[in-house]
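First comes the structure, then the notes that go with it.
2 protein chains.
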Amino acid sequence: MEQRSFDGEQRRIHTYKRDGDVSYALGAAPAFELLKKRPDKARRVFIHSAWERGDASRELFTLCRGLGIEPEERDKAFAVLSQKENCFVIGEFEKYQSALDPAQTHVVLVNPSNSGNLGTIMRTALGFGVHDIAIITPAVDMFDPKTVRASMGAIFSLRVKCFSSFAEYSASADCGVGRGFYPFMLKARTELGAKPLARRCSLIFGNEATGLPDEFLRVGESVIIRHSTDIDSLNLPMAVGIALYEWRKGIGKF
Amino acid sequence: MEQRSFDGEQRRIHTYKRDGDVSYALGAAPAFELLKKRPDKARRVFIHSAWERGDASRELFTLCRGLGIEPEERDKAFAVLSQKENCFVIGEFEKYQSALDPAQTHVVLVNPSNSGNLGTIMRTALGFGVHDIAIITPAVDMFDPKTVRASMGAIFSLRVKCFSSFAEYSASADCGVGRGFYPFMLKARTELGAKPLARRCSLIFGNEATGLPDEFLRVGESVIIRHSTDIDSLNLPMAVGIALYEWRKGIGKF
Chain W
0 MEQRSFDGEQ RRIHTYKRDG DVSYALGAAP AFELLKKRPD KARRVFIHSA WERGDASREL
60 FTLCRGLGIE PEERDKAFAV LSQKENCFVI GEFEKYQSAL DPAQTHVVLV NPSNSGNLGT
120 IMRTALGFGV HDIAIITPAV DMFDPKTVRA SMGAIFSLRV KCFSSFAEYS ASADCGVGRG
180 FYPFMLKART ELGAKPLARR CSLIFGNEAT GLPDEFLRVG ESVIIRHSTD IDSLNLPMAV
240 GIALYEWRKG IGKF
Chain B
0 MEQRSFDGEQ RRIHTYKRDG DVSYALGAAP AFELLKKRPD KARRVFIHSA WERGDASREL
60 FTLCRGLGIE PEERDKAFAV LSQKENCFVI GEFEKYQSAL DPAQTHVVLV NPSNSGNLGT
120 IMRTALGFGV HDIAIITPAV DMFDPKTVRA SMGAIFSLRV KCFSSFAEYS ASADCGVGRG
180 FYPFMLKART ELGAKPLARR CSLIFGNEAT GLPDEFLRVG ESVIIRHSTD IDSLNLPMAV
240 GIALYEWRKG IGKF
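Written out as C-alpha cells, the structure reads:
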C-alpha cells in the first residue's frame, strides 16, 4: 500500500504538529509556490491518484525533477493531512526562519489568532508589495497548513518572523531605525487617508477580538479606518488590506 | 426531552433547507441583530443550557419578552443546527424579500459562490454605509446560516435582493436610472483612486474564481484595484472592502 520514495526508504507521513520540523502546502497552487519560491525547503511531493493529468501535472513533474524530488502517488497522505476534498497535491517542506528586511515596510500583527486570517493577510500583503511580516506572540502558528493554504502559497514569497513582544520587535535589527509606526486602533485620532503614510513604515494591527491595547496610542501615530457605528469593527484582514491599499497608493506603480 | 414553546405546541427543529421558509441566526451576536433589526421576522429563540447567564442573557430575555417570544432552552437545537462549539443562542427567522433603494449606492455581486465571503461583504458594506446589495444568480444562498453568521447579523440591517441577470437588475426599479456603474475587473483601464467615484453608483464584482466576464468592459466605467503580479487577484471580500473604502472617502463623515 505504501509506495517507496525515490531514495528507497519508506518514510511515514504524520499529521501536522506545531512543534514539528515540517509542514505541508495543501493544494496545487500552494505546492507550486513552494517549489518555485522556496525550492530549498521542499522535501517531498504527494499527488493523489485522482488528480487529472495534464499541463499542471507535467509542470509539477518537471519542477520536481529539477529539484531531485520524485512525486509520490500516495492517497494515504491526503487522508492523513487534508480535510478538503479538492486537494490533489501536497508539498512537504521544512520550516524555516527568516530575518525581516529593515529597509522595507512591514505588517506587524500583534497576537493574531486565526490561521485563515493570517493566510489572507499574507496573500494581500504580497499583492500590495509588502514582503515582511512581524508576528508578536502568542499567536497562531504561521506554518499551520491552514495558514499556508489560505495564503495561496504567498507565505513562500514573504519574510515572516515572530517576536515575543512589540518592544523586542521595535528594538531589533529587523525593524531598524527611523521608520514610521502606525498602530491601527479604534481610539486613534488620525484618519486613514487624511495624510500620506511614510514610505517605509510598520502597519500595526491587534488581535481579532481585542484589537491593540491602549499603550499603542503612544507608539508612533495611531490611525483609524473610519466606519459607521453599525458594526463594531472591520474584520482583521479587511483592515490590513485597506491600510495596505492606502499605503501603496503613496508609493506608485508596481 | 423536547420542551414546549410558548404557544403550547411542540414544534420540531429541522436542519436548514435552502428552499425552506426559515433560516437561523447562529450565535448571540447575529441573534441579537435579528431581534433588534428585524423583530418582525423573528420566530423562535433557542438557548443552550451551557450559556452563561448574565447581562447578555438578561438583555435577550427582555428583547424576547417585548416580542412575545419565550426563549426555549433546547440543547437539541444546537446539535441539529450548529457545528460550532461556541454557539449558545440561535434565532429562528422567516426568510423575506427586500426591495433595494434606487436612491442609494449598491454593491452588486455577480454569481458569488462562497457563503463566508458573502457574509463578510455584508458586514463590510454596512460598515461603510452601503445598505443595498444586489445578487445576480446563480449564487450562494443569501440566507444560508453560514452567510448570516459571517455577516455577524449585518444582513438584518441590509436590503438584499436577487436578480436572474445583470440586465434584469439594471432595468429594474430597484436600480433606477442615472447611477454610475463600476465593474471591478483585472482588464479595466481606470485605476481605483485615480478619480472620484460617483456618489450614487453600483460597485460590481464577479465570481471568486472567474471574476466578471469581458462583456462588463462595456458596462459603465470598469475599474481595477492595482496590485502586484505576485498574486493572481485579491480575494473577493478584500476587493469589495477596498472599493467601498475608496467610495466612502468621497462621501465624507459618517
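Sequences listed follow chains W and B, in order.
Residue numbering for the first sequence follows numbering that gives the first Met the number 0, beginning at 0 and increasing consecutively.
Residue numbering for the second sequence follows numbering that gives the first Met the number 0, beginning at 0 and increasing consecutively.
Even glycine gets a Cβ: it sits at the ideal position worked out from N, Cα and C.
Exercise. How close, in whole Å, do the beta carbons of W/Phe162 and W/Ser171 come, if the pair is a contact with beta carbons under 8 Å?
Worked result: As a first step, residue 162 of chain W must be located in the first sequence, where it is residue number 163. As a first step, residue 171 of chain W must be located in the first sequence, where it is residue number 172. Going by Cβ atoms, the distance from W/Phe162 to W/Ser171 rounds to 7 Å, so yes, they are a contact pair.
For this session: Mind listing the chain W neighbours of B/Lys248? Cutoff is C-beta to C-beta under 7 Å, in chain order.
Result: Position 249 of the second sequence holds residue 248 of chain B. Those are Gly192, listed as they occur along chain W.
Problem set entry | Cβ contact check for the stretch 65-74 of chain W and the stretch 23-30 of chain W: 3 or more pairs under 8 Å | Remark: fewer than three beta-carbon pairs, one from each stretch, lie closer than 8 Å, so the stretch 65-74 of chain W and the stretch 23-30 of chain W are not flagged as touching.
Problem set entry | Span separating the alpha-carbon of B/Ser201 from that of B/Lys194 | Stepping through the second sequence from its first residue, residue 201 of chain B is reached at position 202. Stepping through the second sequence from its first residue, residue 194 of chain B is reached at position 195. In a straight line, the C-alpha of B/Ser201 is about 16 Å away from that of B/Lys194.
For this session: Just tell me which of B/Ile250, B/Phe204, B/Phe183 has its CA closest to the CA of B/Thr136.
Result: As a working mapping, residue 136 of chain B is identified with position 137 in the second sequence. Among B/Ile250, B/Phe204, B/Phe183, the Cα nearest to that of B/Thr136 is on B/Phe204.
Exercise. When we look at the beta-carbon of W/Arg57 and count the other beta-carbons within 10 Å, is it buried (16 or more) or exposed?
Worked result: Against the first sequence, residue 57 of chain W aligns to sequence position 58. By the neighbour-count rule (16 or more Cβ atoms within 10 Å), W/Arg57 is not buried but exposed.
Problem set entry | Neighbourhood of B/Val79 by C-beta, 8 Å cutoff - its chain only, sequence neighbours within 5 removed | For the purposes of this step, residue 79 of chain B is taken as residue 80 along the second sequence, with counting starting at 1. Excluding residues within five positions, the ones whose Cβ falls inside 8 Å are Ile12, His13, Thr14.
Problem set entry | Candidates B/Gly251, B/Gly249, B/Tyr244: closest to B/Phe127 by CA position | Here the question's residue 127 of chain B lines up with position 128 in the second sequence. The shortest C-alpha separation from B/Phe127 is found at B/Tyr244.
Problem set entry | At least 3 beta-carbon pairs within less than 8 Å: the stretch 173-193 of chain B vs the stretch 82-89 of chain B | Taking a cut-off of 8 Å on C-beta distances, the stretch 173-193 of chain B does not touch the stretch 82-89 of chain B, as fewer than three cross pairs fall below it.
For this session: Report the partner residues of W/Asn116 according to the DSSP bridge assignment.
Result: Locating residue 116 of chain W in the first sequence gives position 117, counting from the first residue. W/Asn116 is not bridged to any residue.
Problem set entry | B/Gly175 - DSSP class collapsed to helix/strand/coil | Translated into positions along the second sequence, residue 175 of chain B becomes position 176. In the structure shown, B/Gly175 sits in coil (DSSP, three-state: anything other than H, G, I, E or B).
For this session: Look at the alpha carbon of W/Gly249 and the alpha carbon of B/Ala242, and state the distance between them as a whole number of angstroms.
Result: Against the first sequence, residue 249 of chain W aligns to sequence position 250. Against the second sequence, residue 242 of chain B aligns to sequence position 243. The straight-line gap from Cα to Cα measures roughly 17 Å.
Problem set entry | For W/Asn110: DSSP bridge partner residues | By 1-based counting over the first sequence, the position of residue 110 of chain W is 111. In DSSP, W/Asn110 forms no bridge with anything.
For this session: Can you grab the Cα-Cα spacing for the pair B/Ser256 / B/Arg73, in whole Å?
Result: This structure cannot speak to residue 256 of chain B, because chain B is shown only from 0 to 253.
For this session: Just the C-alpha distance for W/Arg247 and B/Gly192, rounded to the nearest angstrom, thanks.
Result: On the first sequence, residue 247 of chain W is found 248 positions in, with the first residue counted as 1. On the second sequence, residue 192 of chain B is found 193 positions in, with the first residue counted as 1. Rounded to whole angstroms, W/Arg247 to B/Gly192 spans 11 Å at the Cα level.
Exercise. Of all the options B/Gly240, B/Asp173, B/Tyr168, B/Lys252, which has the alpha carbon lying nearest to the alpha carbon of B/Val218?
Worked result: For the purposes of this step, residue 218 of chain B is taken as the residue at position 219 of the second sequence. Nearest of B/Gly240, B/Asp173, B/Tyr168, B/Lys252 to B/Val218, Cα basis: B/Tyr168.
Exercise. Mind checking W/Arg253: buried by the 16 CB within 10 Å criterion, or exposed?
Worked result: Residue mapping note: residue 253 of chain W aligns to position 254 of the first sequence, counting from 1. What sits at residue 253 of chain W in the sequence shown is Phe, not Arg. The residue in question, W/Phe253, is exposed, as its Cβ has fewer than 16 Cβ neighbours within 10 Å.
Exercise. Are the C-beta atoms of W/Gly126 and some chain B residue less than 7 Å apart?
Worked result: Numbered from 1 along the first sequence, position 127 holds the residue referred to as residue 126 of chain W. Yes, contact with chain B.
Exercise. Under 7 Å between C-beta atoms, does W/Gly240 make it to chain B?
Worked result: Stepping through the first sequence from its first residue, residue 240 of chain W is reached at position 241. By this cut-off, W/Gly240 is an interface position.
For this session: Output the boundary residues of the beta strand (DSSP E) element that contains B/Lys260.
Result: This structure cannot settle anything about residue 260 of chain B, because the visible part of chain B is limited to 0 through 253.
Exercise. Does any C-beta atom of chain B lie closer than 7 Å to the C-beta of W/Phe253?
Worked result: Numbered from 1 along the first sequence, position 254 holds the residue referred to as residue 253 of chain W. Taking Cβ atoms only, chain B reaches closer than 7 Å to W/Phe253, which makes this a yes.
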